[in-house]
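Written below as structure tokens is the structure these notes are about.
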Amino acid sequence: MDALLSGQLLVAALVTGALYALTALGLNLVYGTMRLLNVAHGDLVMIGAYVAFWAFTLLALSPLLGLAAAAALAALFGLALYHGLFRRLLAGGKAAQRLEANSLLLFFGVSVIVQNLMALQFTATPRGYQYLDTVYRWGNAAITGNRVAAFAVAVILCGGVLAFLRFHVTGLAIKALIQRRDAAAVVGVNVERVQQLALCLGFASAAVAGALVSMTEQISPFMGFPFTIAAFVVIILGGLGNVTGGIAAGLLLGVLETYGVALTSSAYRSILVYGVFVLILLLRPQGLLGGRRIVR
Amino acid sequence: MSALLEAEGVVAGYGDIEIVHGFGFAAAEGEVTALVGANGAGKTTLMRALAGVLPLAAGALRFAGRDIAAARAHARVEAGIVLVPEGRLIFPHMSVAENLRIGAINPRARRDRARTADEVYALFPRLAERRRQLGGTLSGGEQQMLALGRGLMAKPRLLLLDEPTLGLAPIMAKLIFSTIERLSEGGLTIVIAEQDVGQTLGIADRAYVIENGRLALAGAGAALLDDPRVKAAYLGL
Amino acid sequence: MIRKLSIALAAAALFAAPAAAQNIKIGFSLAKTGLFAQAVPSQLNAYELWREQVNARGGLDVAGKKRMVEFVQYDDQSNPGNAVKIYEKLITDDKVELLLAPWGTPHHFAVAPVLEKYKFPMVGNTAASVQLREIKPGNIWFVTSAIPDKMAAELVAMAKANGYKTAGIVANVLPLAKEIKASLVPALQKAGIAVKVSEEYPPDIKDMTAILTKVKAAAPEALFVLSYPGDSVLYAKQAKEIGIAAPFQFVAVGPTMDFFGKVVGPSANGLVTMGHWSPAKADWKRAKPFYDAYVKKFNEKPDYLDTVVSYMSLEILEQAVAKAGTDKQKLRQAIASMTFDTINGPVKFQGVQNAITPTAFLQIQGSELQLVWPKAIATSPFKAKTGW
Amino acid sequence: MRGALALAALALAAAALPAVAGDYHVGVGLGLLMYVALTQSWTVLSGMTGYVSLGHVVFYGLGAYVAVLLWGEAPLAAIVALAALAAFAFAALIGLPALRVRGPYFVILTFGLAELAKYVVIVVEGWLGKFSRVIFGAPDIETLYYIMFGLAAAATLMTFLVRRSRFGRGLLALRENEEAAETVGVPTVRFKLLAYALSALIPGAVGSVMVLRQTYFEPAQIFDPVVSFTIVTMAVVGGSEDMKGPLLGAAGFVLLSELLWANAPQLYMVLLGLLLIVFVLFAPQGLSGLLPARRRTP
Amino acid sequence: MTLLALRAVSKQFGGLRALSDISFDVAAGEIVGIMGANGAGKTTLFSLIAGNERPSGGTIVFDGRALAGLPPHRICRLGIARTFQIVRPFGGLTVEDNVATAAMFGAAQAASPAAAAERALAVLALVGLAERAGDLAETLTLSGQKRLELARAVATGGRLLMLDEVMAGLTPAEVATMLEIVRRLHREYGLTILIIEHVMRALMQLAGRIVVLHHGEKIAEGPPAAIGADPRVHEVYFGAAA
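Residue numbers (the numbering used here), protein chains in the order written: chain A, 3 to 298; chain B, 11 to 247; chain C, 11 to 398; chain D, 224 to 521; chain E, 5 to 246.
Below you can see the structure in the form of structure tokens.
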């Protein structure tokens, strides 16, 4: 029981939670603004991890700088996908349900292609490197430098995006699109441009998460799927399309998982995560933190 | 008096369903132009087509002498055509201030947004009181004020008002109408679509009756108010 | 329509692989994509290195006649059902003369009935399970000596020999780990070593802090981490962070792979892992040349576990074919009865199992992996882990 | 009529396959029949009601688990039947809460349920002290092939009958507009639930057959989400408007992947991904939508 | 004989009171009109009676049976049929199948698919959609879809028909046709009709009695002439100015 009170668990919960929050952020933006279900989201995490890995291995570039390259590359990829696949789909304006189902399949196709192209290019061999591996201690808690860095970057980026959504007029436009698609155009939001931006931002943030993860985990072309799952669990928990809720839910999931496991057994970790996920969907599909729908 | 907006043979609808089958009218600079008609007659569809939210299936649209039939919604807002939509469509999870702020997203309006906001707050002191409140938690009447205020934030040359008193208590409807009159007196060109025929025709310089997506009748506002055909259409008297 | 298409398929396969009459076709399927994909390169590299070496020697000696080796390989997408289908295809359709093993325990089990049906001999490699012994012998053999119950017994013997009195277990819930654990717990009890902490975790774990905090509090002398490559890395990184101080730390699968050293670095020093081979073992004459050839070709170290057992299975096959040719009956006889000289020393089968190679453990010492147990084959003495 | 003849010819060819082809082709045929059975069953729910299940592997997995538990304890026919019933019962149980959720939520929910079930089975196996299970003495491929043939035929027949029935009409109505369907008297809750349970029945049996084919059971592999995705992909590629769709989708997909992996093993996954994208973008009604003469309501 | 009786029916959406304390009766064979401005609660009233929404308070009794808590399909089978103001066709089904579905599942369930199709075609002929029977419902124009809504409700075989703005958006000629259809349904089929309508002339001609709602409250009830002369109704429709 002492373990529960140790700072160590809190550190773990916060680091895990911050990475969950950052990973889910992009998925939420893409779903919120366009109702696209991006099941290839984890593959962007993977791409980001590879960019950081190669930048570090070949150019000896710090992953904290490599993440900028990862973000840029992912944003470009997002732009290409937008023009290649989704513009037509979004302009069609057919029933939203169809759009969601179709986007899921399209992204599934993208996911399969990306994974296998990466495997062809880099082989499936797991890779990794060491960066900021020193352990820092205070009190009864300890943390490696790379986890501090990952936490800091994730928190800064989540906070930055929240601030952008809150204070910048373009951020406001993204929120407008999420809350009321039909009204966004009416007030003069350039819907097309904002959608592109949201997709780029969503992809880039996933890639940054990947770059951060690459400092602490092994990477491989097929590593993405669990991140997709985690991101979906988080945004369901926070309410689909609710960006602030998603970030809070990411942290919450980190805490829930870490302490849940500490209280029961690690063997139940996945049951705990999926159990919460399924229960939320059944009992409160608008998300744990989502407000009640406004009734007109 | 020159026409600020001219529409000719406008055809619009949703997918395969055509609702407006070739409607033409003109809104003169500085005047209030009313579009009246029954529910489902096509008023809202027409308004959305004018604002560019719905694509024009056919027809011509000129604004201040410029052809804008192909311009997308945000470009029309930038040109000065601003719709206050039916159902208000305010952003429910944004504060009053944010709702107003996003109204001024077009570059033309962005610079002056602080001053415009002050004007809007002056026009609706109630909004000033509730600056920080979320849009979704406002009452119906307050939401309508907010929608109107949000439209004004865009610095419109032409304001399209779609059912601005829908579902409002009479006292609130009255307030909205008096505001519209004040705006008109300030020189703003307004097109209003309303079911409340009486009050609408009362403030309109010119009115068009739309029936089943087509023009049924046109004339000076006050004259139509006494037109027996209008009375017959709306009260069955 | 199905028939017509299947004929077309057969025709396509025919055109795709116009076999030179002299070449010997050797078939296999690997999990190139899917769940296990990242484990497969260790094995595939061994296959490719071997083919290159054999062909450089003028071909495979088939009962005195040299024939160039040609691979017929497929991807089973990590799906055992696909593997079954592919081995049937290799045998009946591609008419390969020899088979190499697929990746992983499930796939070995899945193809075993196919081998039995066609009486087709295959030397298995990357499979480890106590249930292997239940397979009817005669068509499949397993070179590994890392069988879970034997490993458990040896681990306990090693801990006891070093005088450790308390133990902790952290285990993945996947089969190999659970099998080791099932034998480990009673063995520890029998040896009078108290299990002070025992935790399980699912394969998709992302953070071990909760487990390791409990482990740290229990402070066992010997810690058995029954993990797979991904979670081995996670363990090493977080154990360092939290400061797990057990002098004896066993990490099951992963430390033998090249990337592990790159990710974990010098702090991995002192970890013990499963594996029964080392290039430093001088009396295994073939060991060092293999190591050098591998490093030269792939520019990284071989996996001391999977690459080694895979390569051993090829050596065994090569030597059996040299004696018996490709006649299935003779070949089965040869594999079952010969003693083979491999990079891991001599191998001889009893039933389906390797009866000679001892169950052994490696320890990371500096930049090398040294055999530390059993003492009879050790290349270096065990050294207690002193920190991260 | 021509359709019926073509179907009969196809069935005859499928029935004759083991007699004329080698094990490998019978194996391909088995895989094809498996996906015909799974995809046909899936359309009873997702094609007819619009509730898209991305977790159909859960029924397949449960069926497999039942088969593994009962292997050696009960005759083959009983095992297959019990596997089907178990899946049916499970669907009926979780269907009531699950089907209250619509649209993308339902899609994600079904996926989550399948993953949850996987981890529950892993834990249960742990309690039972089992690490993985190997099946010895499994039936030969011909036997499994004919059982699968029966399942594929049954699933095809089921979709055919459901589509023509009053029940099927009710499902289509609720797919088009659930509230309107209720208002004209369709008992939507009961119908959805029945459709869900029916769509689980045969996948349960299919799972039991396939685990006997693989002779190895390990939950993480049997509850493979790729199976769920493949089913949806086949329904998209083939179309899910009538019973032709799943036949075309499964056949097209399985045969194409056989062709591709034999000839371009490295690239075939990439090509399959591209194919999926092309179909979603340019042929949303699937292969069967490209066939002439179609009237949408059955 | 009272067919439908509402007593103190209320509906609350979150903080919004959509209907409060509505009470009135509908006798068998009557045509009762409901009028009121947008947002007055008319459609909500229909949804409560048809079971699409649950009342927050009050009782609704149909033919001596309390409807509280019954799902819509059960209420439909008891004999209440409704149309939707915002049309809800089964877009991907043919026009005939739209109507046949109602015939199969409604209050008077057709014995066979053939019988359902027969009834569907008869009803389609009545509303003037017979020629479009084989087309997909989503290809109909708005007025076509309005008539389809009506046909589908009629085909259920219910005794009480609730029509929600079936004439909105129709041309005067179409309104006349629709009026004739509704009259025939009343006369020949003996249906009791509850009708929401904005085309006042139509309502005044059809209804024997009109209930006026305003902001969720009943402000008037009576014969058309009295309603037309009621100053409160005038105020609601023309504002205080008139």
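For each residue, glycine too, the CB sits at the ideal point set by N, CA and C.
This one's a predicted model, so the numbers in the text were calculated from it and none came from an experiment.
Contact fails between the segment 263-274 of chain A and the segment 298-307 of chain D, because fewer than three Cβ pairs, one in each stretch, are under 8 Å apart. Fewer than three pairs of CB atoms, one per stretch, sit closer than 8 Å, so the segment 452-467 of chain D makes no contact with the segment 54-70 of chain A.
In the structure shown, Glu153 of chain E adopts helical secondary structure according to DSSP, grouped into three states.
When C:Val318, C:Lys146 and C:Ile34 are compared, the shortest CA-CA separation from His286 of chain C is found for C:Val318. Arg100 of chain A and Val275 of chain D have their alpha carbons spaced roughly 10 Å apart. For the segment 165-192 of chain A, the set of positions with a beta-carbon nearer than 9 Å to some beta-carbon of chain B reads Arg168, Val171, Thr172, Leu174, Ala175, Lys177, Ala178, Ile180, Gln181, Arg182, Asp184, Ala185, Ala186, Ala187, Val188, Val189, Gly190, Val191 and Asn192 in chain order. Around the Cβ of Gly44 of chain A, a 10 Å sphere holds 16 or more other Cβ atoms; the residue is buried.
Between Tyr97 of chain C and Val121 of chain C the beta-carbon gap is near 5 Å, inside 8 Å, which marks them as a contact. A direct Cα-to-Cα measurement between Phe502 of chain D and Ser511 of chain D gives close to 12 Å. Residues Lys76 of the same chain have their beta carbon placed closer than 7 Å to that of Gly68 of chain C, with the five preceding and five following residues left out of the count. In the three-state scheme derived from DSSP, where H, G and I count as helix and E and B as strand, Tyr128 of chain C is classed as helix. Scanning its chain for C-beta atoms nearer than 7 Å, with the 5 sequence neighbours on each side dropped, one finds around Gly141 of chain A the residues Gly9, in chain order.
Only residues of its own chain outside the window of five on either side were considered, and among them Gly286, Ala287, Val289, Ala290, Ile302, Val303 and Ala306 have a CB closer than 7 Å to the CB of Ser431 of chain D, listed in chain order. For Gly226 of chain E, the enclosing beta strand (DSSP E) stretches over residues Glu221 to Gly226. Close to chain D, meaning a Cβ-Cβ distance shorter than 7 Å, are the following residues of the segment 134-158 of chain E: Leu140 and Arg156. Those residues of the segment 116-135 of chain A placed with their C-beta closer than 7 Å to a C-beta in chain C are Asn118, Ala121, Thr125, Ala126, Thr127, Pro128, Arg129, Gly130, Tyr131, Gln132 and Asp135, ordered along the chain. For Gln87 of chain C, the closest alpha carbon among the candidates A:Gly289, A:Val114, A:Ala62 and A:Gln198 is that of A:Val114. DSSP places Phe35 of chain B outside any alpha helix (DSSP H); the residue lies instead in the beta strand (DSSP E), whose first and last residues are Ile27 to Ala38. Rounded to the nearest angstrom, the gap between the Cα atoms of Glu325 of chain C and Thr127 of chain A is 24 Å.
For the set C:Ile157, C:Lys340, C:Ala365 and C:Thr336, the Cα lying nearest the Cα of Phe350 of chain C is the one of C:Ala365. Note that the segment 402-420 of chain D touches the segment 318-325 of chain D; at least 3 beta-carbon pairs, one per stretch, sit closer than 8 Å. Look at Val153 of chain C here: in three-state DSSP terms it is coil, with no helix or strand label.
Judged by DSSP in its simplified three-state form, Glu251 of chain C adopts helix.
Taking the CA atoms as reference points, Ala229 of chain C sits about 31 Å from Ser288 of chain C. Ranked by Cα distance from Gly231 of chain B, the first of B:Phe35, B:Gly32, B:Ala217 and B:Ile190 is B:Ala217. Take the alpha-carbon of Leu193 of chain B and the one of Ala211 of chain E: they are about 42 Å apart. In the DSSP annotation of this structure, the continuous segment of the alpha helix (DSSP H) that includes Thr189 of chain B starts and ends at Pro180 to Glu195. DSSP lists B:Ala44 and B:Gly229 as the beta-bridge partner residues of Ala217 of chain B. Only exposed fits His85 of chain A, as fewer than 16 other CB atoms lie within 10 angstroms of its CB.
For Gln375 of chain C, the uninterrupted beta strand (DSSP E) run begins and ends at Phe371 to Gln375, by DSSP. Judged by DSSP in its simplified three-state form, Ile197 of chain E adopts strand. In the DSSP assignment, Glu204 of chain B is bridged to B:Val46.
Every beta strand (DSSP E) stretch that sits fully inside the segment 153-202 of chain C and reaches 3 residues is listed by chain position as 176-182.
Where Leu332 of chain D is concerned, the enclosing alpha helix (DSSP H) starts and stops at Gly326 to Trp350. When only Cα atoms are considered, Leu424 of chain D and Phe311 of chain D end up about 5 Å apart.
Here Gln83 of chain C is bridged, per DSSP, to C:Phe38.
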